[in-house]
Structures are given as structure tokens and as C-alpha cells.
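One structure is given here, and the rest of the page talks about it.
Number of protein chains: 2
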Amino acid sequence: MTEQEILQNAEKLIANNEFAMVGTIGKKSFPNIRALKVMKREGLNTFYFSTRSDSEKVKQMKKHKKGCIYFYDTLTFTFANVLIEGKFSIKPNTLFGISSFYKLDNEPYDFCTVKFEATKLYYYVPYQKYIVNIKK
Amino acid sequence: MTEQEILQNAEKLIANNEFAMVGTIGKKSFPNIRALKVMKREGLNTFYFSTRSDSEKVKQMKKHKKGCIYFYDTLTFTFANVLIEGKFSIKPNTLFGISSFYKLDNEPYDFCTVKFEATKLYYYVPYQKYIVNIKK
Numbered sequence: 000m001t002e003q004e005i006l007q008n009a010e011k012l013i014a015n016n017e018f019a020m021v022g023t024i025g026k027k028s029f030p031n032i033r034a035l036k037v038m039k040r041e042g043l044n045t046f047y048f049s050t051r052s053d054s055e056k057v058k059q060m061k062k063h064k065k066g067c068i069y070f071y072d073t074l075t076f077t078f079a080n081v082l083i084e085g086k087f088s089i090k091p092n093t094l095f096g097i098s099s100f101y102k103l104d105n106e107p108y109d110f111c112t113v114k115f116e117a118t119k120l121y122y123y124v125p126y127q128k129y130i131v132n133i134k135k
Numbered sequence: 000m001t002e003q004e005i006l007q008n009a010e011k012l013i014a015n016n017e018f019a020m021v022g023t024i025g026k027k028s029f030p031n032i033r034a035l036k037v038m039k040r041e042g043l044n045t046f047y048f049s050t051r052s053d054s055e056k057v058k059q060m061k062k063h064k065k066g067c068i069y070f071y072d073t074l075t076f077t078f079a080n081v082l083i084e085g086k087f088s089i090k091p092n093t094l095f096g097i098s099s100f101y102k103l104d105n106e107p108y109d110f111c112t113v114k115f116e117a118t119k120l121y122y123y124v125p126y127q128k129y130i131v132n133i134k135k
């Protein structure tokens with residue numbers, strides 16, 4: 000697979016997934032996972048999520064910026080999956096608000112935007128792994 | 000919700016999921032996620048997976064035993080999800096082999112059993128979090 004083909008396959012898999020599994024490092028060095036809806040995305044470079052400012056996840060992301068997001072389509076039965084490593088930053092606004100998703104009139108609680116900037120992409124198919132560095 | 004109700008809800012959600020999202024800590028302190036099929040499980044206490052002995056995941060689990068497994072049913076639209084913290088150990092056998100899953104005549108490559116022993120369960124519904132310590 001060429002680098003272009005890997006990125007095309009990853010793009011297709013991610014486009015089919017409304018949710019990303021977001022990996023952080025939490026208390027007592029336990030890895031942590033939460034499913035978050037991808038609110039906006041710029042190709043495979045930058046992903047935006049929306050979550051509560053006072054959530055445990057946000058605390059974890061501020062303390063330990065390194066993280067990953069993971070996409071796996073169990074429905075296609077190709078067993079392909081994509082892991083992206085990158086860095087989180089927290090923006091104190093609700094630009095990509097959860098309100099539209101939950102069909103609420105107002106943004107609930109105090110929400111913020113989580114920005115994830117990708118550095119490395121892993122594309123997995125059974126018994127094969129492909130790695131691509133994500134350029135800015 | 001009583002502790003019993005939390006565990007019943009978690010049990011139901013997990014029983015509906017063939018795959019667990021398995022969280023480990025990898026190279027350069029990046030959290031890592033992989034979808035693994037639950038090969039066997041003893042209630043909410045112990046989970047068994049099967050994977051390649053020489054895989055990156057197994058290396059990570061040997062080095063850093065603390066991990067988590069995560070279940071999220073995007074199909075039900077209740078947005079309930081379960082995170083379980085615990086410890087991994089690697090058993091050098093293929094007792095819960097992947098061969099049956101992939102319908103292969105022989106176990107491919109050199110596989111091993113990953114045992115995950117739960118210590119703490121988090122049951123999440125929108126804006127609510129419930130925590131239960133898992134007893135041995």
C-alpha cells in the first residue's frame with residue numbers, strides 16, 4: 000500500500016464513524032477511553048470534540064497532552080482499524096457545541112472545545128500495520 | 000441507582016458487545032486503544048482476550064500492567080458506556096484462541112491469552128457517573 004492509499008483507506012473508515020474512541024492517561028497512570036462524537040474535522044490532521052469543562056477527561060488532557068483517537072468499524076467485517084496519536088488542547092468556547100447533537104435549545108453546563116492535532120497514523124488490517132507521519 | 004442496578008446495567012451493555020476497546024499505555028507515554036474480541040468472561044471480574052505474543056499491545060501490557068477496557072453501544076442511543084479499570088497479565092497459551100473466530104484450521108502465528116482482572120467499574124450515562132469497586 001502506498002502512503003496515499005493508506006490515508007485514503009483511513010479517511011474512508013473515519014468518515015463512516017460518527018464517534019471516536021478518545022484515549023487519555025488518567026489518575027494513577029491508568030489509560031482511559033471515552034467515546035466522543037467528532038464535531039468537526041480537518042482531513043486527518045485536526046479533530047474537534049465538545050465536552051464539559053469540568054469533566055475528568057478535560058483534567059486529564061490538560062495534565063497529559065499526549066493522546067490518541069481510535070476508529071474501528073465492527074460492521075464492515077474487514078477488521079480494519081485506525082489509531083491516531085497526537086496532542087490535545089482545550090479551547091474555552093463552545094464553537095463545536097454538543098447542543099446541536101442533543102437537539103437542545105441551549106448549550107448544557109459549561110462546555111469547551113477539545114482540539115486534537117494528529118502526529119502519527121497507524122492503519123491496521125489483520126496481521127498488517129501501516130504507519131504514516133501526519134504533516135502539518 | 001443501587002450498586003446492584005449499576006452492575007446489572009453494565010452487564011447488559013457488555014453482553015451486547017462482542018468487542019472491547021482495550022486501553023494500554025504505549026511508547027513515549029501515549030495511551031493506546033485496540034478493539035479486541037472478548038473470548039471469555041467471568042461476570043464483570045475477569046475478561047480474556049487472544050492476541051499475538053509478539054504484538055506491540057502485549058509488550059505494553061507486560062511493561063505497564065494497569066489498563067482499562069471500554070464498552071460503548073452506539074446502536075442503542077442511550078449513550079450509556081462502561082469503563083473498567085484493572086490489571087493485565089499474559090498467559091503463554093492459546094486457551095481462548097482466535098482460530099475459532101477467524102474460522103481457521105490452526106491457530107495462526109504465536110498467540111497468547113491476555114487476562115484482564117477488573118478492580119473498578121465506571122458506568123456512564125449523560126451527565127451522570129456511577130462507580131463500583133469490583134470485589135474478588
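One line per chain: the protein sequences are A and B, in this order.
Okay, so the first sequence: first residue is 0 according to numbering that gives the first Met the number 0, each after it adds one.
Okay, so the second sequence: first residue is 0 according to numbering that gives the first Met the number 0, each after it adds one.
Glycine included, every Cβ here is placed at the ideal spot set by N, Cα and C.
- Apart from the 5 residues on each side of it in sequence, E2 (chain B) sits with its Cβ closer than 7 Å to the Cβ of V131 in its chain, given in chain order.
- In this chain, the beta strand (DSSP E) harbouring M20 (chain B) covers 18-24.
- Cβ contact annotation for E84 (chain B) (same chain, cutoff 6 Å, sequence separation greater than five): C67, T118, K119, in chain order.
- Look at K134 (chain A) here: in three-state DSSP terms it is coil, with no helix or strand label.
- In the structure shown, L6 (chain B) adopts helical secondary structure according to DSSP, grouped into three states.
- Among the CB atoms of chain A, one or more fall inside 8 Å of the CB of L82 (chain B).
- Per DSSP, K90 (chain B) lies in no alpha helix (DSSP H) segment; the continuous beta strand (DSSP E) that holds it begins and ends at 80-90.
- For V57 (chain A), the uninterrupted alpha helix (DSSP H) segment begins and ends at 55-62.
- DSSP places S49 (chain A) within a strand segment (E or B) once states are collapsed to three.
- The contact set of N31 (chain B) on chain A, defined by CB atoms closer than 8 Å, consists of G22, P30, C67, L82 in chain order.
- Chain order gives the chain B residues near Y71 (chain A) as F18, M20, I32, R33, A34, where near means a beta carbon separation below 9 Å.
- Nearest to L35 (chain A) by C-alpha distance, out of A:S28, A:F46, A:V21, is A:V21.
- Looking at the backbone, the Cα of N80 (chain B) and that of G25 (chain B) are separated by about 24 Å.
- DSSP, reduced to helix, strand and coil, places L43 (chain B) outside both helices and strands of the structure shown, so it counts as coil.
- When beta bridges are read from the DSSP output, F115 (chain A) appears opposite A:F46, A:F87.
- Restricting attention to B:I89, B:A14, B:S28, B:V113, the CA atom closest to the CA of H63 (chain A) is found in B:S28.
- When the five nearest sequence neighbours on each side are left out, the beta carbons in the same chain lying within less than 8 Å of the beta carbon of Y47 (chain B) are those of V37, M38, K39, R40, L94, F95, T112, V113, K114, F115, in order along the chain.
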